[in-house]
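Peer 1: Mapping the sequence shown onto numbering that gives the first Met the number 0, position 87 (from 1) lands on 86, and the numbers just tick up by one.
All C-beta atoms in this analysis are idealised placements derived from N, C-alpha and C, irrespective of residue type, glycine included.
Since this is a predicted model, take the numbers as computed values, not measurements.
I'd like to ask you about the structure that follows.
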Amino acid sequence: MNLSRAALLVLLQPLAVQAAEYRVGPGQQYTRLGDVPWESLEPGDTVFVHARPTPYAEKWVLGRRGTAAAPITVRGVKDAQGNLPVIVGENATTRAQLNYWGEERGILKIGGSNQPADTMPAHLVVEHLHLRRARGAFTGRNGASTYLDNAAAIFIEKGEHITIRGCVLEDSGNGLFIANQASNVTVEHSHLLGNGNSGSILEHNAYTEALGITYQFNRFGPLCTGCLGNNLKDRSAGSVIRYNWIEGGNRQLDLVDSSSGTLRAAPSYARTFVYGNVLLEPEGAGNRQIVHFGGDSGTTANYRGTLYFFHNTVVSSRTDRTTLLRLSHQDQTAHVTNNVVLVAAAQGNTLSLTDAAGTLRHGGNWYKPGYVSTFGTLTGAVVDAGGNLTGADPGFIDLAGQDFRLATGSAPRSQAVALPAEASSEPVTRQYVKHTASEPRAQVSPAHIGAYGDASAPGTETPDAGTPTDAGTGTPTDAGTGTPADAGTGTPADAGTTPQQPGDEGSGSSGGCAASGASLAGPLAFALLGVLGRRRKRDARRILPLRRGARMLKA
């Protein structure tokens with residue numbers, strides 16, 4: 000093959016693999032989610048799901064790999080009224096070309112399939128979708144089927160470098176469920192609400208176990224009526240929970256031990272960071288503890304080590320008792336620094352800092368006077384690190400209106416103390432904006448106590464954050480006693496190599512060319528370069544002929 004032909008083939012290669020766009024919705028290329036070739040998505044491909052008056056009753060699996068430079072993206076497109084596309088799991092159907100196990104576990108599943116061929120999915124972005132009602136009946140590969148009680152709006156069995164952004168996850172057993180073969184996950188700008196099962200403590204708004212997970216700029220609303228689960232339950236290594244609004248639940252945060260030896264062996268398992276959050280405890284909302292940290296398996300050697308809890312605003316509306324933090328065992332330590340903790344409807348003596356075990360070090364916090372170390376018997380230690388303030392009112396701009404920014408002249412302004420050295424890797428640079436947004440926080444010294452400083456610039460920003468840099472594997476076991484057995488239909492027998500069922504609770508030859516001579520190949524190459532520069536993204540229908548053309552040139 001002469002040089003000009005070789006150059007032509009090189010120039011055609013980018014066109015052959017150019018990213019595709021698939022558009023679903025009214026007046027679009029496809030009318031159904033099931034029309035999209037999910038099993039053959041390539042790096043850089045984007046599926047646009049347009050909102051429509053009636054929900055999409057469909058479910059599917061993402062089992063392909065993007066790249067850091069060219070992720071695979073599923074993106075909702077709002078209608079003229081600003082509504083997200085709604086996807087319901089109840090009575091949903093699945094594209095016939097997809098075949099995956101664990102259909103009973105979610106509406107959108109990531110990882111674990113026969114078709115597409117099983118792999119470790121990577122560099123996936125799911126954004127601006129409203130997924131709800133992973134409940135009741137659906138039609139899957141085995142015909143008529145029923146969701147399990149712990150089914151999720153999004154179920155991640157495995158995958159790495161995954162971003163969930165700007166989604167609403169609602170009215171399912173779990174809003175979000177992530178098993179322990181997931182790593183480097185970011186959940187941001189999303190609203191999780193109304194999940195759980197009435198009378199059950201086993202399902203939550205979010206239940207996750209990953210190697211490297213960041214929650215930021217999210218709104219966690221109350222669970223469904225009569226549902227007894229936690230708002231955010233996490234068993235991860237490298238957990239960073241920052242700049243969120245978390246309201247209600249049996250506990251707002253239940254941060255317990257991992258069932259995965261891989262996660263427990265990760266250096267990041269030793270430290271958990273919770274900062275810049277607004278944590279709201281309604282009257283009569285289940286357990287009086289805001290945060291539980293350590294473990295619940297009973298194997299105390301596997302429990303988490305140290306919690307760094309700083310620059311949060313905690314407001315309890317309980318008229319009885321409120322406990323800020325429970326440490327599971329004497330080996331747990333919590334550094335509680337620069338938080339506003341307000342029992343709004345009661346006297347200060349209705350607040351205890353801890354339950355019994357472990358070591359709690361607190362400094363630079365604001366409380367009502369009269370708070371106590373514990374309501375029971377302290378078997379661990381509570382250490383006053385200095386700089387704690389007390390007062391009748393922290394001076395929020397509007398407590399009744401839930402505007403927890405600090406008014407001019409309020410006591411917690413410019414009273415923060417130095418954070419523990421280990422927290423220097425997590426600077427408090429942003430603050431939550433109602434709702435699911437954020438803004439830069441002014442960097443002043445001393446800083447204000449609590450989740451809010453002064454905004455450093457007018458307006459709000461909602462940057463797309465990358466994924467954390469940790470990696471690994473894992474699977475959630477559930478709350479309470481023991482670990483719920485995994486649900487599903489057993490290991491599939493129809494894959495080439497039988498994939499392992501998740502143990503959660505829950506892959507040229509050169510040839511000739513008809514055109515010969517530099518006189519044709521040279522101008523054609525320049526023309527192709529021009530086309531490539533002008534049209535970097537193509538409709539899927541236009542890409543397929545180019546891919547066929549490239550194959551013909553190689554024939």
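Which of the three DSSP states, helix, strand or coil, is assigned to Thr474?
Peer 2: With a pLDDT of only 38 at Thr474, under the threshold of 50, the placement of this residue in the model should not be trusted; the figure read from the coordinates follows. Here Thr474 sits in coil by DSSP.
Peer 1: Which partner residues does Ile163 have in the DSSP bridge list?
Peer 2: Val125 and Val186
Peer 1: Quick one: what does DSSP say Glu280 is sitting in, helix, strand or coil?
Peer 2: In the three-state reduction of the DSSP assignment, Glu280 falls in the strand class, which pools E and B.
Peer 1: What is the rounded straight-line gap between the Cα of Gly237 and the Cα of Gly26?
Peer 2: Approximately 44 Å, taken between the alpha carbons.
Peer 1: Looking at Tyr268 and Arg325, is the spacing between their C-beta atoms short of 8 Å?
Peer 2: Going by C-beta atoms, Arg325 is not nearer than 8 Å to Tyr268.
Peer 1: Can you give the Cα-Cα distance for Leu388 and Tyr274, rounded to whole angstroms?
Peer 2: Approximately 19 Å between the Cα atoms of the pair.
Peer 1: Return the CA-CA distance between Leu40 and Ile71, expressed in angstroms with no decimal places.
Peer 2: 7 Å
Peer 1: Taking all protein chains shown into account, decide if Val314 is buried (16 or more other Cβ within 10 angstroms of its Cβ) or exposed.
Peer 2: buried
Peer 1: By Cβ distance below 8 Å, which residues in the same chain neighbour Pro120 in space, the five residues on each side in sequence not counted?
Peer 2: So the list reads Leu61, Gly62, Arg63, Arg64, Ile109, Gly110, Lys157, Gly158, Glu159 and Ile161, once near-sequence residues are dropped.
Peer 1: Is the distance from the Cβ of Asp59 to the Cβ of Leu83 below 8 Å?
Peer 2: It is worth fixing the name first, because residue 59 is Trp in this sequence and not Asp. Contact: no.
Peer 1: Going by the beta-carbon positions, is the gap between Gly105 and Ile177 smaller than 8 Å?
Peer 2: No. Outside cutoff.
Peer 1: Using the Cβ count rule (16 or more neighbours within 10 Å means buried), how would you classify Lys77?
Peer 2: exposed
Peer 1: Could you check what DSSP says for Ala151 in three-state terms: helix, strand or coil?
Peer 2: Assigned with DSSP and collapsed to three states, Ala151 falls in strand.
Peer 1: Note down, in chain order, each residue of its chain lying with its Cβ closer than 6 Å to the Cβ of Glu126, except the 5 sequence neighbours on either side.
Peer 2: Arg74, Arg164 and Gly165
Peer 1: From Arg234, Ala205 and Asp402, pick the residue whose C-alpha is nearest to that of Gly247; which is it?
Peer 2: Looking at the Cα atoms, Ala205 is the closest of the given residues.
Peer 1: Excluding the 5 residues preceding and the 5 following Gln114 in the sequence, name in chain order all residues of the same chain whose CB lies nearer than 8 Å to its CB.
Peer 2: Glu38, Gln96, Leu97, Asn98 and Tyr99
Peer 1: How many angstroms separate the CA atom of Phe216 from the CA atom of Ala454?
Peer 2: 16 Å
Peer 1: Is the beta carbon of Ala450 closer than 8 Å to that of Val186?
Peer 2: No, the pair does not count as a contact, with Cβ atoms beyond the cut-off.
Peer 1: By Cβ distance, which residues of its chain are closer than 6 Å to Ala279, with the 5 residues on each side in sequence left out?
Peer 2: Position check: residue 279 holds Leu in this sequence, whereas Ala was assumed. So the qualifying residues of the chain are Glu246 and Val314.
Peer 1: Within the chosen definition, does the stretch 254–263 reach the stretch 292–303 through at least 3 CB pairs nearer than 8 Å?
Peer 2: yes
Peer 1: Could you pull the start and end residues of the beta strand (DSSP E) that Thr45 belongs to?
Peer 2: Bounds of the beta strand (DSSP E) holding Thr45 are Thr45 to His49.
Peer 1: Please classify Ser424 as buried or exposed, where buried requires at least 16 neighbouring CB atoms within 10 angstroms.
Peer 2: exposed
Peer 1: Please go through the stretch 175–220 and give each complete beta strand (DSSP E) segment of 3 or more residues, from N-terminal end onward.
Peer 2: 190–192 and 205–215
Peer 1: Short check: CB of Pro368 to CB of Gly386, under 8 Å?
Peer 2: no
Peer 1: Does the beta-carbon of Gln80 have 16 or more other beta-carbons within 10 angstroms, so that it is buried, or is it exposed?
Peer 2: exposed
Peer 1: How about Val339 and Arg360: are their beta carbons less than 8 Å apart?
Peer 2: no
Peer 1: In the DSSP assignment, the beta strand (DSSP E) including Ala380 goes from what residue to what residue?
Peer 2: Ala380 to Gly385
Peer 1: Relative to the C-alpha of Asp319, which candidate in Ser327, Ala343, His328 and Tyr307 has its C-alpha closest?
Peer 2: For the residues Ser327, Ala343, His328 and Tyr307, the minimum Cα distance to Asp319 belongs to Ala343.
Peer 1: Terminal residues of the continuous alpha helix (DSSP H) containing Arg263?
Peer 2: Gly260 to Ala264
Peer 1: For Ala494, which residues from the same chain have a beta carbon less than 6 Å from its beta carbon, with the 5 sequence-adjacent residues on both sides left out?
Peer 2: With a pLDDT of 36 at Ala494, under the threshold of 50, the modelled position of that residue is not reliable, and the figure given next carries that caveat. The residues are Asn113.
Peer 1: In chain order, what residues of the same chain have a beta carbon less than 6 Å from the beta carbon of Ala380, not counting five sequence neighbours either side?
Peer 2: Thr358
Peer 1: Taking 6 Å as the limit between beta carbons, can you name the residues of its chain near Ile396, skipping five residues before and five after?
Peer 2: Once the five neighbours on either side are set aside, the close Cβ partners of Ile396 are Asp402, Arg404 and Ala406.
Peer 1: Check the DSSP bridge columns for Gln605 and list the partner residues they point to.
Peer 2: Outside the shown range of the chain (0 to 554) lies residue 605, about which nothing can therefore be said.
Peer 1: Tell me the DSSP bridge mates of Leu555?
Peer 2: Residue coverage of the chain in this structure runs from 0 to 554, which leaves residue 555 outside it and unanswerable.
Peer 1: Is it right to say Arg234 is buried, meaning 16 or more other beta carbons lie within 10 angstroms of its own, or is it exposed?
Peer 2: buried
Peer 1: Roughly how many whole angstroms lie between the Cα atoms of Ala69 and Ala333?
Peer 2: 40 Å
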